[in-house]
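Just so we're aligned, residue 295 is where the sequence shown starts under the numbering used here, counting upward by one.
The beta carbon of each residue, even a glycine, is placed where N, CA and C say it ideally should be.
Quick caveat: nothing in here was measured; it's all calculated off a predicted structure.
Everything on this sheet refers to the single structure shown next.
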Amino acid sequence: MRREHPAYPPLTRLGTVSGGAVLAAVLLVVPAVAPAGAGGDDTFRKATARSVQAHEEARRHVDRLRTADAAPARIKAAERRRKALRAELWGRLWTAAKASGDPVAVDPGGHAGGCSARDRDRSRPPRRPLAWTAPTRDYWLSASYADRGAHWAHRHTGQDFAVPTGSPVLAVGPGIVRVTTCGDGFGRQVIVRHPDGYFTQYAHLSRIDVRPGRRVVAGQRLGLSGATGNVTGPHLHFEVRVTPYMGSSVSPLPWLRRKAVKVTDSAAPRPPR
């Protein structure tokens, strides 16, 4: 079974919560089945992790060549290799996700989960366009990428932003909404594909404000934070992925830093798990 994480009550403030809202401790733990291999099969999981690492090294190699102003032919060859690694990873994870019934693979529009009936396209671009931004405001950082503990079968695959239910959840950059689903351990979630080919996931939402196919810009509202799916309290679970599927996540804060987005961490100790 795939386990989810809690939103720990924050101890150090990084912003102002409008109206003096307090993060409630909500005990809600519902088991969800992971895609075959993405969380249950150890051999598959380790092989997938190696593929993600190989892709990231290939991406860094492309970046180094561009920084060094290498010959265009060398850059194109390195980029072809990176894309080939991503395609192999994509195909493997899509097959596993489809076999397990992961809604991202079998119901990306959220029709079976009822998203299309409950949610509607009500989002508008911000008046002041941004380049890239954090996925929410007035947050505390709780569980971090690769954290281990009793709340996860293996490790935490994203960065948690602890915010009260109903806080706006924002697209971190320009892109196209590819997935809106409601039926698994991530609860209501949105997945956006960005121009650099990476995907960002926004999970446990209380409301979705966009539809698949919608173009969004940085700072545009995707929905509202909540505690849907497998959680123990309200928060935003944010992931950066090489593909839209579970198992391809990379560390989100360094990825945001490459976009010149500074996410401030809390120095406060975390409650025991």
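Do you know how far the Cα of residue j is from the Cα of residue i?
i      : j      : result
Lys392 : Pro402 : 11 Å
Ala365 : Pro468 : 29 Å
Ala367 : Asp490 : 20 Å
Cys409 : Ile502 : 8 Å
Ala425 : Ala512 : 6 Å
Trp446 : Ser436 : Interpretation of Trp446 is limited by its pLDDT of 48, a score under 50 that renders its predicted location unreliable; the figure taken from the coordinates is listed afterwards. Between Trp446 and Ser436, the C-alpha separation is close to 14 Å.
Trp434 : Leu379 : 35 Å
Val346 : Val457 : 30 Å
Val557 : Gly520 : 20 Å
Gly517 : Thr474 : 11 Å
Trp549 : Ala341 : 22 Å
Asp454 : Ser438 : 6 Å
Pro538 : Arg421 : 29 Å
So what does DSSP say about residue i, is it helix, strand or coil?
i      : result
Arg508 : coil
Arg515 : strand
Ser543 : strand
Phe419 : Sequence check: residue 419 is Pro here, not Phe. Coil, per DSSP.
Val557 : coil
Val525 : strand
What residues are listed by DSSP as bridge partners for residue i?
i      : result
Asn531 : Strictly speaking, residue 531 in this sequence is His, with Asn absent from that position. Answer is Asp454 and Ala497.
Asp478 : Gly481
Arg487 : Ile470 and Phe493
Ile369 : According to DSSP, Ile369 bridges with nothing at all.
Leu435 : Phe455
Val463 : Gly517
Use the C-beta contact count for residue i: other C-beta atoms within 10 angstroms, 16 or more gives buried, fewer gives exposed.
i      : result
Ala554 : exposed
Gly385 : exposed
Asp357 : exposed
Thr494 : buried
Asp396 : buried
Arg482 : buried
Pro462 : buried
Ile470 : exposed
Pro423 : exposed
Gly460 : exposed
Asp413 : buried
Arg551 : exposed
Ala381 : exposed
Heavy atom of the ligand PLP less than 6 Å from the Cβ of residue i, yes or no?
i      : result
Asp413 : The ligand PLP is not part of the structure shown, which contains no ligands of any sort.
Task: Meets three-Cβ-pair contact criterion under 8 Å: the stretch 518-535 and the stretch 421-437 - done: yes
Task: Three or more C-beta pairs below 8 Å linking the stretch 478-487 and the stretch 376-391 - done: no
Open item on the list: Below 8 Å, how does it come out for the stretch 541-551 and the stretch 504-524: are there three or more Cβ pairs, yes or no?
Closed with: no
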